[in-house]
Amino acid sequence: MLAGAWLSLQVALAALAIAMALGVVGAMARLAPQPALRASAEAYATLVRGVPELVLMLLVFYGGQGLVGGALEALGLPPVEIDQFMAGVFTLGFIYGAYLSETFRGALLGVPPGQWEAGLAYGMGRGRVFWRLILPQAARLALPGLTNNWLVLLKATALVSVIGLQDMMYLAKQAGSATREPFTYLLWAGAGYLALTSASLLALRLLSRRVSVGVRHGEI
Numbered sequence: 001m002l003a004g005a006w007l008s009l010q011v012a013l014a015a016l017a018i019a020m021a022l023g024v025v026g027a028m029a030r031l032a033p034q035p036a037l038r039a040s041a042e043a044y045a046t047l048v049r050g051v052p053e054l055v056l057m058l059l060v061f062y063g064g065q066g067l068v069g070g071a072l073e074a075l076g077l078p079p080v081e082i083d084q085f086m087a088g089v090f091t092l093g094f095i096y097g098a099y100l101s102e103t104f105r106g107a108l109l110g111v112p113p114g115q116w117e118a119g120l121a122y123g124m125g126r127g128r129v130f131w132r133l134i135l136p137q138a139a140r141l142a143l144p145g146l147t148n149n150w151l152v153l154l155k156a157t158a159l160v161s162v163i164g165l166q167d168m169m170y171l172a173k174q175a176g177s178a179t180r181e182p183f184t185y186l187l188w189a190g191a192g193y194l195a196l197t198s199a200s201l202l203a204l205r206l207l208s209r210r211v212s213v214g215v216r217h218g219e220i
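This is the structure in structure tokens:
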């Protein structure tokens, strides 16, 4: 079970990295002046929120494998199987990137416009204003939403068991079938997820306090 818990944590961390990258790009696109960028980002968020996570997981693993295999066959190349770990990581990252795009968009909008004006008045370029003034403040505002999405993502790693990845849920089901005591091992799996989420919540609360040092209530 410990090996499964470690694998679940690896999947969650790798998926979070992808989700954060997609979330930043999606948030910037939704705030862009170009209608095409805004429409694309909105379509991405709508698609992900409208399709169950399990369906997307199976589509990426089985459908993606078929598409890649067909493309390689057309090129006269040998078939390649999609790695279960990468399929799970990519799918979860793709899903939660849509949710984080809304979190990051709200955080960017939460920074007062006067911050832009002050930076530009000091002679800073727009890029420098964004990286030095806007982004640090937006990161603090995004932390509560990021915390919630991380906790949900961590629990959603149980979905990778359906594509055969030997995570904590997969091992619990296998042990339960072998011993005919599924309830016991599912309880152990539940306790494992609870331990991971509790430790994460504690760490993120400490981080939130640290980044909020010197900030009075109601201030950016």
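As numbered in UniProt numbering, residues 1 to 220 make up the sequence shown, in order. Each residue gets a CB set at the ideal place from its N, CA and C atoms; glycine is no exception.
For D167, the number of other beta carbons within 10 angstroms of its own is at least 16, and it is reported as buried. In terms of CA proximity to A14, G93 leads the group Y122, G93, V129 and A199.
Spatial neighbours of L201 in its own chain (CB-CB distance under 8 Å, excluding positions within 5 residues in sequence) are listed in chain order as T147 and L151.
A residue is called buried when at least 16 other Cβ atoms come within 10 angstroms of its Cβ; Q137 meets this threshold and is buried. A74 places its beta carbon 7 Å or farther from that of T103. In this chain, the alpha helix (DSSP H) harbouring V129 covers R126 to V129. Counting the other Cβ atoms within 10 Å of the Cβ of A41 gives 16 or more, which makes it buried. 7 Å or more divides the Cβ of G88 from the Cβ of V162.
Of the candidates R105, A172 and L153, the residue whose Cα lies closest to the Cα of V25 is R105. Closest option to Q10, judged by alpha-carbon separation, among A203, R180, F61 and L153: L153. For P78, the secondary structure class from DSSP, reduced to helix, strand or coil, is coil. A121 carries a helical assignment under DSSP once its states are collapsed to helix, strand and coil.
In this structure, the alpha-carbon of R205 lies about 14 Å from that of L196. Beta-carbon to beta-carbon, V48 and T91 are separated by about 10 Å, too far to satisfy the 8 Å threshold. Using a 10 angstroms sphere on the CB of A36, the tally of other CB atoms stays under 16, which defines it as exposed.
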